[in-house]
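Visitor: Sharing a structure here in structure tokens format.
6 protein chains.
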Amino acid sequence: MSTVAPPSAPEANNRVKAVFDDIRATRKSDFVNNMWLWLAFDPDLLERTWAEVKVVMATPSALDPLVKEMLYIAVSVTNSCGYCIHSHTASARTKGMTEAQHADLLRVISLAAKTNQLATALQVPVDAAFDSKSEQ
Amino acid sequence: MSTVAPPSAPEANNRVKAVFDDIRATRKSDFVNNMWLWLAFDPDLLERTWAEVKVVMATPSALDPLVKEMLYIAVSVTNSCGYCIHSHTASARTKGMTEAQHADLLRVISLAAKTNQLATALQVPVDAAFDSKSEQ
Amino acid sequence: MSTVAPPSAPEANNRVKAVFDDIRATRKSDFVNNMWLWLAFDPDLLERTWAEVKVVMATPSALDPLVKEMLYIAVSVTNSCGYCIHSHTASARTKGMTEAQHADLLRVISLAAKTNQLATALQVPVDAAFDSKSEQ
Amino acid sequence: MSTVAPPSAPEANNRVKAVFDDIRATRKSDFVNNMWLWLAFDPDLLERTWAEVKVVMATPSALDPLVKEMLYIAVSVTNSCGYCIHSHTASARTKGMTEAQHADLLRVISLAAKTNQLATALQVPVDAAFDSKSEQ
Amino acid sequence: MSTVAPPSAPEANNRVKAVFDDIRATRKSDFVNNMWLWLAFDPDLLERTWAEVKVVMATPSALDPLVKEMLYIAVSVTNSCGYCIHSHTASARTKGMTEAQHADLLRVISLAAKTNQLATALQVPVDAAFDSKSEQ
Amino acid sequence: MSTVAPPSAPEANNRVKAVFDDIRATRKSDFVNNMWLWLAFDPDLLERTWAEVKVVMATPSALDPLVKEMLYIAVSVTNSCGYCIHSHTASARTKGMTEAQHADLLRVISLAAKTNQLATALQVPVDAAFDSKSEQ
């Protein structure tokens, strides 16, 4: 069950078709996952979302593509977004995540959530040493 | 302001002193940050928390130490834990995070939060292709 | 699957029946959605929850009924409450939300989640200009 | 810094004065904490919030008053509400929470956050044994 | 305290100056709030964030500008982003939010958080009536 | 659907078998719920998670076992972890939680979420009276 109905013939819309074509070309795969099909209910939202995902996730940058997928998983788990956890775990595997790395990812993000609770419950004051001074 | 008073002479307690000594030795630094001082109100909680942080964050594993710090930041930001964001951003810098990597980290975790909202608002159904089949 | 069993004959209980009758009268509809059926496991909780929802959501106030439904969706998405997202998206449609407004709602709440991450990750200090001074 | 200015003479308003008087009488203390002073910017919101807090937290019920305060802390920490963590930790102490109970509370809520991440990251399917069947 | 140091002379950078000039022109005000100053540590992140905020929040669309600010507040409160709550409450006031509307906003978003907890705790199944069927 | 495949013959692995045996012995039940089966994809993660859950939840401590289960539910609901809500509600029932206590738990955690929103939206300053002074 979902809150909008995806278009039954999405690629009849030229703007949607252009985005789907670019997704397939960028990923070198025929598979267009449901997220994009559902966003196609509003072509502007689809275009802008894909444009940003392409720039941030599919363009070489200061971080490794697999690291970026694991960061995506970390946020999606903390926000309890089931769809996103599934899609980005699948992407991370495609980009080479091993089972040992997956387990390590789980160890880190579950420990982070645990110590977040401790620091927040205690309202620990931030050490002065952690401050970033203004550039001189 | 915090919700417990940290002990005024924490290292007078042998269990606390042993943990603080191990923190200094592990990190090769005299600096023991406030999180540990505040956890010292309960030596058992201090010991167990440090033991786990040491195993997960300070022991070689399938993920790079800097990647683990960035995952920690991703969770801490999503949980809005100010203390943890400060302490793990500082740790990430110590482990070599550049300004460009920091900006890229922000790009990824803010985009993840954004698309989490979209997938959750639409209640997009999970693609069958994302399922992990049981091992044969 | 749910964590309590809804009563099999809820309206055999007079307090439950009175609430269900008022829900139907207020909404001018025979449909009583599952939330109320499940809350009926405890008539006091049912009565108080409905009383508050009726006052806040079904009574004329400073905000338009459709705006209130969209605010409800914004919170429910951020909290990842699937049931609430479904029920309040349906209510917003009943109150006239167009597809263009729905897309705009998604644009705003996903951007808000994104910039929340940025401001929190940077721990941006609040501008003095934003403070509310005490009344004179 | 806050987003509304609390009234400079709150008890000049009769509705506010009646609530403040009831807070003092219920708690047998002259201290009215900032939450109520800030809510006084809208007397209706103040009255309804206090009425609900009084019924749920200050009226004998199926759960012990100290347990209710600790549940309040658990939610407030998970939501990262600094004000609420402070006020309900103080209330829990007033109702007898020992330092050992406080440490135990932290152990449980931090472990819960940790295993929440694990179950969510793995998307573990709910066991059929956990379902609540409809009453017969 | 913050996790990056804002540039000491941000407008010496042409890309930053162009964004700040556009913020001032769009808002018809000389005030550039801290969020943009801090984002200026990475001009690309600054440019992209402002471009998106301008399109979504400062361009006429299907929703009223004040409604968009209130939705922003709703998400920011739920994510506990102090900076964002301050800045968007100030913006909402600039766009005409009355004290009565502010109180009503608080009533709705706090009730939503409350019933989110109830529906999630009960794991209420979604009514079939809420499903959006595919377009025919 | 889940993100890892649980092992098809988990107890063929000695480390997994030892943990499952201990779960059965500790709980005096043959039932090993899915959480442990799924964690068995990484025996180290399984061992450490069970060891911590056993110490915190199944060992006598300053808090009553039922209170600990209810705290677990409070956090799990706030984090929207469906699996955890189901498993810990079932555990709480096993430990004696009555329907009246369950309803009271819901009243408290939903009120907490509501007032969290109010305090956060108002950015109420913490009262000096709530500070914990350093021990003398």
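Protein chains in written order, with this note's numbering: chain A, 1 to 136; chain B, 1001 to 1136; chain C, 2001 to 2136; chain D, 3001 to 3136; chain E, 4001 to 4136; chain F, 5001 to 5136.
Positions of the beta carbon are idealized from the N, C-alpha and C atoms, including for glycine.
Residue 75/A CB to nearest chain C CB: under 9 Å?
Guide: At least one chain C Cβ lies under 9 Å of residue 75/A.
Visitor: Using C-beta distances below 7 Å, list every residue in its chain close to residue 2006/C, excluding the 5 sequence neighbours before and after it, in chain order.
Guide: Answer for residue 2006/C: 2037, 2038, 2040 and 2041, listed in chain order.
Visitor: Helix, strand or coil for residue 5063/F, going by three-state DSSP, please let me know.
Guide: DSSP places residue 5063/F in coil when its eight states are reduced to three.
Visitor: In this structure, how does DSSP classify residue 2007/C when only helix, strand and coil are distinguished?
Guide: Residue 2007/C: coil per DSSP, three-state reduction.
Visitor: If you follow the alpha helix (DSSP H) that residue 4128/E is in, where does it begin and where does it stop?
Guide: Neither: residue 4128/E is in no alpha helix (DSSP H) and is coded neither H nor E.
Visitor: Taking the alpha helix (DSSP H) that residue 5115/F falls in, what are its first and last residues?
Guide: First-last of the alpha helix (DSSP H) with residue 5115/F: 5099-5122.
Visitor: Decide if residue 3034/D is buried, meaning its Cβ has at least 16 other Cβ atoms within 10 Å, or exposed.
Guide: Buried, since its Cβ has 16 or more Cβ neighbours within 10 Å.
Visitor: Would you say residue 85/A faces chain F, with C-beta separation under 9 Å as the test?
Guide: Yes, residue 85/A counts as interfacial toward chain F.
Visitor: Relative to the alpha-carbon of residue 5051/F, which residue among 5029/F, 5068/F and 5020/F has its alpha-carbon at the smallest distance?
Guide: For residue 5051/F, the nearest C-alpha among the options comes from 5020/F.
Visitor: Please classify residue 3132/D as buried or exposed, where buried requires at least 16 neighbouring CB atoms within 10 angstroms.
Guide: Its Cβ being crowded by 16 or more others within 10 Å, residue 3132/D is buried.
Visitor: Taking DSSP as the reference, what is the three-state secondary structure of residue 4081/E?
Guide: If DSSP states are grouped into helix, strand and coil, residue 4081/E belongs with coil.
Visitor: Would you grab the beta carbon distance between residue 1001/B and residue 3086/D for me? Rounded to a whole angstrom, and I think it's under 8 Å.
Guide: 7 Å between Cβ atoms; contact.
Visitor: Between the beta-carbon of residue 3110/D and the beta-carbon of residue 74/A, is there less than 9 Å?
Guide: No; because the gap between Cβ atoms is not below 9 Å, this pair is not in contact.
Visitor: Does the beta-carbon distance from residue 3101/D to residue 78/A come in below 9 Å?
Guide: It is not a contact, given that the beta carbons lie outside the stated cut-off.
Visitor: For residue 3103/D versus residue 5062/F, is the C-beta spacing smaller than 9 Å?
Guide: Cβ distance < 9 Å, so residue 3103/D and residue 5062/F count as in contact.
Visitor: Give me the Cα-Cα distance between residue 2017/C and residue 2060/C, rounded to the nearest whole angstrom.
Guide: If I take the Cα positions, the gap works out to 25 Å.
Visitor: Work out the CA separation of residue 43/A and residue 2098/C for me, nearest whole Å.
Guide: Cα-Cα distance, rounded: 15 Å.
Visitor: Between residue 5128/F and the rest of its own chain, which residues show a CB-CB distance below 7 Å, the 5 nearest in sequence each way excluded?
Guide: So the list is empty, once near-sequence residues are dropped.
Visitor: May I have the straight-line CA-CA distance separating residue 54/A from residue 95/A, to the nearest angstrom?
Guide: Cα to Cα, the separation comes out at about 15 Å.
Visitor: For residue 5066/F, which residues of its own chain have a beta-carbon under 7 Å away from its beta-carbon, when the five flanking residues on both sides are left out?
Guide: 5092, 5095, 5096 and 5097.
Visitor: Quick one: what's got a C-beta closer than 7 Å to residue 3047/D's C-beta in the same chain, skipping five residues either side?
Guide: Contacts found: 3015 and 3019.
Visitor: Exposed or buried, which one is residue 1076/B when buried takes at least 16 other CB atoms within 10 Å?
Guide: Flag for residue 1076/B reads buried.
Visitor: Give the residues of chain B in contact with residue 5030/F, contact being defined as C-beta atoms less than 9 Å apart.
Guide: None at all; the shortest Cβ gap to chain B is about 21 Å.
Visitor: Residue 2071/C and residue 4056/E: beta carbons closer than 9 Å?
Guide: Not a contact, by the Cβ cut-off of 9 Å.
Visitor: Return no unless some Cβ of chain D is closer than 9 Å to the Cβ of residue 2003/C.
Guide: Taking Cβ atoms only, chain D reaches closer than 9 Å to residue 2003/C, which makes this a yes.
Visitor: Quick one: which chain E residues come within Cβ less than 7 Å of residue 131/A?
Guide: Result: 4001.
Visitor: Using a cut-off of 8 Å between C-beta atoms, extract the partners of residue 71/A located in chain B.
Guide: Here the neighbours are 1070, 1071, 1074, 1105, 1108, 1109 and 1112.
Visitor: Given a cut-off of 9 Å on the beta-carbon distance, is the pair residue 4026/E and residue 2115/C in contact?
Guide: No.
Visitor: Quick check: residue 1010/B and residue 83/A, are their CB atoms within less than 9 Å of each other?
Guide: The answer is no: Cβ separation not under 9 Å.
Visitor: Alpha carbon to alpha carbon, what distance is there between residue 5119/F and residue 3081/D?
Guide: Each residue's alpha carbon lies about 7 Å from the other.
Visitor: Considering only C-alpha positions, which residue in the set 5024/F, 5130/F, 5123/F and 5064/F is nearest to residue 3090/D?
Guide: Selected option, being the one with the closest Cα: 5130/F.
Visitor: Using a Cβ-Cβ cut-off of 8 Å (strictly less than) and excluding sequence neighbours within five positions of residue 2004/C, which residues of its own chain qualify?
Guide: Within the same chain, residue 2004/C has close Cβ partners 2038 and 2041.
Visitor: Can you pull the chain A residues whose beta carbon is under 7 Å from the beta carbon of residue 1127/B, in chain order?
Guide: What residue 1127/B touches in chain A: 33 and 34.
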